[in-house]
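Presented below is the structure to which this report refers.
This is the structure we're talking about:
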C-alpha cells in the first residue's frame, strides 16, 4: 500500500456482506476492501513519470 500512488486510484469499495465477499473465499469472511486503479485509455500516448532525488554531504577537515 505504501507504493500505491493515490492519484492512480479510480475507486475504493468496501464489501461487507457474505454474498459479495463469497468470491474471495474464507479470507474475505470479515469483509473485503477492493481498490481499483485507473486504466490506460485507447488512442492515447504512453506516459511515464519519474521522480528522483539526490543528496550529497561532505565532512570538512578540521
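In this note's numbering, the protein residues as written are 10 to 71.
Idealized CB from N, CA, C, for every residue including glycine.
Given the structure is predicted, the values throughout are model-derived calculations rather than measurements.
| Check | Outcome |
| --- | --- |
| Beta carbon of residue 45 nearer than 7 Å to that of residue 20 | yes |
| Per-residue DSSP class, three states only, for residue 24 | strand |
| Separation of residue 43 from residue 60, as counted between CA atoms | 27 Å |
| Simplified DSSP state of residue 35, which is helix, strand or coil | helix |
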